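Novice:
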Amino acid sequence: MRLSTRATLDDLYRVAGKAELINGEIVLMAPTGGRPSRVSLEIAMRLRGYEREHGGGYAFPNNVAFAVQLPHRESFSPDASWYVGAVPDMRFPLGAPVFAAEVRSEYDYGRTAEREMAAKRADYFACGTLVVWDVDVLSEEVIRSYKAADPDHLVILRRGDLADAEPAVPGWRMAVNELFA
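Mind the numbering: the sequence shown is residues 4 to 184 in the working numbering, read in order.
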């Protein structure tokens, strides 16, 4: 007789490094390289600047888990995000961020990766996220911006463009070129 146990959010707290809880299993996220890390940091810093000036939410960097309740997913850990709920001192924020940026790393390419990213976007939207950025600094299409209101319509942003996360982060703008500074 084989007994299996599902991992819980409490188990996730004990994991060193970035991970998500999917289908009752803790899924470890590989460390990223230099450029993806710098890009996620830049987005988070720009959001933090907006937070200080305007309030209305909280900027989070990489490695923060958000507790959600889907039948097959109990957490997200975006590369940068904007959250409008209450922020607990030591526990995971409850609910999904309203804006999530997912920055591609070395192994985030190919058909399997595209399917996984599309499924994760759908999960974000099912949990209340309003805008998801798929950021790829190796492509001319640097940011693919998806909105929950029309998830099949994407906005492609390139160098020289001004990106936003409307309606999730009202009035916030970021020059795509800043990702390469």
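Backbone N, C-alpha and C define an ideal beta-carbon position, used for all residues, glycine too.
Treat the numbers as computed from the prediction; the structure is a model and nothing was measured.
1) Please return the same chain residues whose Cβ sits closer than 7 angstroms to the Cβ of GLU109, not counting the five positions on each side in sequence.
2) Rounded to a whole number of angstroms, what is the C-alpha to C-alpha distance between VAL138 and ASP14?
3) Can we say the segment 123-136 touches the segment 93-111, given the rule of at least three CB pairs closer than 8 angstroms?
4) Which of the three DSSP states, helix, strand or coil, is assigned to ASP137?
5) Is the number of C-beta pairs between the segment 67-75 and the segment 88-100 that are closer than 8 angstroms three or more?
6) Contact between the segment 50-69 and the segment 114-124: three or more CB pairs below 8 angstroms?
7) Measure the alpha-carbon distance for ARG124 versus GLY58 and round it to whole angstroms.
8) Within its chain, find whatever has a CB closer than 7 angstroms to the CB of PHE145; leave out the 5 residues flanking it on each side and keep chain order.
9) Could you pull out every residue in the same chain whose Cβ sits closer than 7 angstroms to the Cβ of GLU28, ignoring the five residues on either side in sequence?
10) Can you name the start and end residues of the alpha helix (DSSP H) that VAL42 belongs to?
11) Take TRP136 as the anchor and find which of ASP167, ARG118 and TYR53 has the nearest alpha-carbon.
12) Going by C-alpha to C-alpha distance, which of LEU157, ALA152 and ARG41 sits closest to ALA171?
13) Is GLU54 near ALA62, with beta carbons less than 7 angstroms apart?
14) Just confirm the distance between the C-beta atoms of SER80 and GLU23, as a whole number of angstroms; I'd bet it's less than 8 angstroms.
Specialist: Answer, in terms of the structure:
1) GLY36
2) 29 angstroms
3) yes
4) strand
5) yes
6) no
7) 26 angstroms
8) At residue 145 the sequence reads Val, which differs from the Phe that was named. Once the five neighbours on either side are set aside, the close Cβ partners of VAL145 are VAL138, ASP139, LEU160, ARG161, ARG162, VAL179 and LEU182.
9) ALA10
10) 37-57
11) ASP167
12) ALA152
13) yes
14) 5 angstroms
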